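Only one structure is covered here, and it is reproduced in the block below.
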Amino acid sequence: MGLTDFLVAAAGLGRWVLPVGLAAGVLMPGTAAILKPWLPEMAAALLFMSAFRIGIRQGIGSVRDLGRTVAILAVMQFAVPAATAGGLGALSVPATPAIAAVLLVLAGSSISGAPNICALLGHHPALALRLLLVGTALLPLSVLAVFALWPALMGGRDVLPPVLRLMAAILGGGTAGFALRAAVERQLTPRRIAAIDGASIVLLAVMVVGLMAEVGPALRDRPATLAGWLAFACALNFGLQIVTARALRGTVLGPDAGTIAVIAGNRNVALFLIALPEDVIAPLLIFIGCYQIPMFLTPLLMGRFVGAAPRP
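In terms of the working numbering, the sequence shown is numbered consecutively and its last residue is 313.
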């Protein structure tokens with residue numbers, strides 16, 4: 002079996018490859034610790050591959066497509082977290098790890114693997130990539146808005162520079178992917194598309210191993226605490242997807258309800274590992290690790306609710 006054959010096969014087994022990565026991250030904490038420092042580079046590489054697969058014309062879309070993307074994000078990434086933070090601030094609610102986790106999820110941009118997850122669920126990844134690119138570009142504003150409205154979460158100091166650095170890396174990966182696609186091959190054959198999807202899935206599985214670096218030790222030393230955070234993470238992730246999908250179906254956004262729902266639940270909370278002060282992020286490390294589990298189980302478990310052809 003050649004490399005292309007292997008990647009095509011991986012694409013066909015994508016829904017199962019990602020859970021294998023989750024299990025490997027929990028069972029091999031040493032490997033997870035080695036991979037963890039490379040997460041930003043893997044995220045950029047994943048976006049590069051998604052951008053190369055789609056191409057700039059479909060990825061950026063028309064002016065009308067861009068306007069729809071901004072409108073969706075204005076509600077999902079700004080209005081919802083801002084209203085939540087404003088309510089918490091008005092009530093002088095103290096910062097607890099669980100509340101902080103909810104706010105960071107609501108304000109976060111899409112995970113870099115969302116286009117690949119959407120493809121596994123039968124959706125075209127172009128809208129997911131636009132939401133990822135534009136949402137990442139707007140991330141500093143949404144995060145600072147949340148911090149300003151709920152000062153208990155440490156305010157905006159020391160947040161913007163690292164967020165901008167990661168944003169530059171992710172957007173750089175997208176730009177490089179578009180440029181290479183335009184220079185090398187305008188049209189991809191179905192087999193090459195499948196091979197690219199397979200390579201993305203393999204990289205995604207490796208990436209999730211690194212994202213699970215905190216979960217393995219917690220499973221050994223604090224299983225009850227880990228179980229509570231895992232239940233909370235699954236309820237938050239899957240709940241956001243189900244509520245969003247049901248709210249949008251039957252509206253003008255109905256055809257894209259599944260894609261938007263995937264983005265709504267799968268936010269890049271791992272980004273905040275480098276964007277927040279250590280004393281703020283330390284209580285959230287277990288949650289961030291646990292949140293990867295529903296993210297990468299989405300293709301396996303959520304097809305009924307957010308797939309391209311959900312069952313009634």
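No residue lacks a Cβ here, since even glycine has one placed at the ideal position from N, Cα and C.
Remember, predicted model here, so these are calculated numbers, not experimental data.
- Query: Taking Cβ to Cβ, would you say tyrosine 292 is nearer than 8 angstroms to alanine 234?
  - Reply: yes
- Indicate whether alanine 11 and valine 203 have their beta-carbon atoms separated by less than 8 angstroms. yes
- Item | Option nearest leucine 107 by Cα separation, candidates Val281, Gly240 and Arg247 | Gly240
- Query: With a CB to CB cut of under 8 angstroms and the five nearest residues on each side skipped, what residues in its chain are close to methionine 50?
  - Reply: Gly178, Ile197, Ala200, Ser201 and Leu204
- Message: At 4 residues or longer, what runs of the alpha helix (DSSP H) sit wholly inside the segment 265-303?
- Response: 273-276, 279-282 and 286-302
- Which whole-angstrom value is the C-beta distance of glycine 26 and valine 216, which I expect to be below 8 angstroms? 7 angstroms
- Message: Quick check on the burial criterion: 16 or more other C-beta atoms within 10 angstroms. Buried or exposed for glycine 283?
- Response: In the sequence under discussion, the amino acid at residue 283 is alanine, which differs from the glycine named in the question. Label assigned to alanine 283: exposed.
- Query: For the 8 angstroms Cβ check, are there 3 or more pairs between the segment 249-266 and the segment 125-145?
  - Reply: yes
- Query: Is there contact here, the segment 131-149 with the segment 99-119, by at least three beta-carbon pairs under 8 angstroms?
  - Reply: yes
- Task: Count the other C-beta atoms from every protein chain shown that fall within 10 angstroms of the C-beta of glycine 68, then say buried if there are 16 or more, exposed otherwise.
- Result: exposed
- Nearest to proline 218 by alpha carbon, out of Glu186, Ile57, Phe53 and Leu286? Leu286
- Look up serine 111 in the DSSP assignment and give the residues it is bridged to. Arg268
- Message: Under DSSP, the alpha helix (DSSP H) around proline 218 begins and ends at which residues?
- Response: 216-222
- Message: Taking the alpha-carbon of arginine 221 as reference, which of Gly22, Val94 and Pro30 has the nearest alpha-carbon?
- Response: Pro30
- For glutamate 186, which of helix, strand or coil comes out of DSSP? coil
- threonine 97, DSSP secondary structure in three states: coil
- Keeping to the same chain, check which residues put their C-beta closer than 6 angstroms to that of tryptophan 151; ignore five residues upstream and five downstream. Ala86, Leu89 and Gly90
- Three-state secondary structure (DSSP) of valine 253: coil
- Query: Just to confirm, are phenylalanine 306 and leucine 181 a CB contact at a threshold of 8 angstroms?
  - Reply: no
- Backbone CA spacing between arginine 16 and leucine 301 [nearest angstrom]: 5 angstroms
- Beta-carbon separation of threonine 48 and glycine 174 under 8 angstroms? The amino acid occupying residue 48 in the given sequence is leucine; threonine does not appear at that position. Taking 8 angstroms as the Cβ cut-off, leucine 48 and glycine 174 qualify as a contacting pair.
- Tell me whether threonine 190 is buried or exposed, calling it buried when 16 or more other Cβ atoms sit within 10 Å of its Cβ. exposed
- Would you say glycine 22 and phenylalanine 297 are within 8 angstroms of each other, going by their C-beta atoms? yes
- Query: Which term fits glutamine 188, buried or exposed, when burial requires 16 or more other beta carbons within 10 angstroms of its beta carbon?
  - Reply: exposed
- Using the Cα positions of arginine 192 and leucine 145, report the straight-line distance between them to the nearest angstrom. 43 angstroms
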